[in-house]
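K.L.:
Heads up: the sequence shown begins at 563 in my numbering, then just goes up one per residue. Glycine is no exception: its CB is placed at the ideal position from the N, C-alpha and C atoms.
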Amino acid sequence: MFTADEHEQTDAGQPEAAEAQAPDDPIGLLERERDEMKAIAQRAQADLVNYKRRAEEERWALARSASNSVVSKLLPIADDLQRAVDALPDDAPESWSSGLQLVSQNMRALLESEGVTRFEPAPGDPFDPAEQEAIASQPSAEHPSGAVLMTISAGYRGRDRVLRAAQVVVSQGAPGDTTTND
């Protein structure tokens, strides 16, 4: 059992206990309400910061998606320009040749400014289904089964993904070879 002096010392040493015992204490009520409001304001501020960050990320993702869509439509044109440059006859007028090469260079520069790179698998490279589309397969004594024999159409990579897979012919291995690369 406590004496009156010991009871007063215990209560004086524990102000929280006094607040809990006196729920009608207006200062304690106001302090708790203030703390609750402060916590609500901090959560609201954190929610706003998170919302702004997510909105900015979504805006960038949408812009990237729109850019990738337009760029994907330009890829066949870039290929056609390159084929035209490659097919220029030796006796073509210089103005034609230099003009076509300039347009092709400008197209490549535009694609590069959008983060697009062209890639062309070399003969003998292993077939990669993530970046290549096998449009045919042929027996080959020179290359093992599953290796690229030739590239029909170059592929293109964007900043974060393959925009168009390279179209390739894949080796079946040596004629009469029944082993596969599964």
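Please list the terminal residues of the continuous beta strand (DSSP E) segment that includes Q734.
P.N.:
The count along the sequence shown starts at 1 and reaches residue 734 at position 172. Counting along the chain, Q734 falls outside any beta strand (DSSP E), and DSSP gives it neither H nor E.
K.L.:
Quick one: Cα of T572 to Cα of L591, how far?
P.N.:
If you number the sequence shown from 1, residue 572 lands on position 10. If you number the sequence shown from 1, residue 591 lands on position 29. The pLDDT assigned to T572 is 49, lower than 50, so where the model puts this residue is not dependable, and the model offers no usable value.
K.L.:
Roughly how many angstroms lie between the CA atoms of V710 and Q734, to the nearest whole one?
P.N.:
Position 148 of the sequence shown holds residue 710. Position 172 of the sequence shown holds residue 734. Approximately 10 Å between the Cα atoms of the pair.
K.L.:
With a threshold of 6 Å on Cβ separation, who are the neighbours of P737 within its own chain once the five nearest residues in sequence on each side are excluded?
P.N.:
Residue 737 sits at position 175 when you count from the first residue of the sequence shown. Same-chain partners within the cutoff: P701.
K.L.:
What is the DSSP secondary structure of G590, counted as helix, strand or coil?
P.N.:
Within the sequence shown, residue 590 is the residue found at index 28, counting from 1. Helix, per DSSP.
K.L.:
In terms of DSSP beta bridges, what is P706 paired with?
P.N.:
Taking the first residue of the sequence shown as 1, we reach residue 706 at position 144. BP columns for P706 are empty, so no partner.
K.L.:
By DSSP, does R514 sit in helix, in strand, or in coil?
P.N.:
No answer is possible for residue 514: it lies beyond the span of the chain, which begins at 563 and ends at 744.
K.L.:
In the DSSP assignment, find the unbroken beta strand (DSSP E) run with V678 in it and report its ends.
P.N.:
Sequence index remark: in the sequence shown, residue 678 carries index 116 (1-based). Taken as a continuous stretch (DSSP letters only), V678 belongs to no beta strand (DSSP E), as it is neither H nor E.
K.L.:
Drop a sphere of 10 angstroms on the beta-carbon of R726, count the other beta-carbons inside from all chains shown, and report buried for 16 or more, exposed for fewer.
P.N.:
By one-based count along the sequence shown, residue 726 stands at place 164. R726 is buried by the Cβ-count criterion.
K.L.:
Do G720 and N630 have their C-beta atoms closer together than 8 Å?
P.N.:
Here residue 720 refers to the residue found at position 158 of the sequence shown. Here residue 630 refers to the residue found at position 68 of the sequence shown. Against a cut-off of 8 Å, the Cβ pair of N630 and G720 comes out as a contact.
K.L.:
For Q719, which of helix, strand or coil comes out of DSSP?
P.N.:
Position 157 of the sequence shown, counting from 1, holds the residue named residue 719. According to the sequence provided, residue 719 is Arg. The question's Gln does not apply to it. Strand at R719.
K.L.:
Can at least three beta-carbon pairs, one atom from the segment 703-718 and one from the segment 671-685, be found at a separation below 8 Å?
P.N.:
Yes, since at least three Cβ pairs between the segment 703-718 and the segment 671-685 fall closer than 8 Å, the two stretches touch.
K.L.:
For A696 versus V665, is the C-beta spacing smaller than 8 Å?
P.N.:
One-based indexing of the sequence shown puts residue 696 at position 134. One-based indexing of the sequence shown puts residue 665 at position 103. Result no, Cβ atoms of A696 and V665 do not sit closer than 8 Å.
K.L.:
Rounded to the nearest angstrom, what separates D653 and S707 at their Cα positions?
P.N.:
Locating residue 653 in the sequence shown gives position 91, counting from the first residue. Locating residue 707 in the sequence shown gives position 145, counting from the first residue. So the alpha carbons of these two residues sit roughly 42 Å apart.
K.L.:
I need the straight-line Cα distance from L672 to S657, nearest angstrom please.
P.N.:
Reading the sequence shown from its first residue, position 110 is the one you call residue 672. Reading the sequence shown from its first residue, position 95 is the one you call residue 657. Rounded to whole angstroms, L672 to S657 spans 22 Å at the Cα level.
K.L.:
Our contact map puts L662 next to A640 with C-beta atoms below 8 Å; I'd like the distance itself, whole angstroms only.
P.N.:
Within the sequence shown, the letter at position 100 stands for residue 662. Within the sequence shown, the letter at position 78 stands for residue 640. In fact, because the Cβ distance is near 13 Å, the residues do not count as touching under 8 Å.
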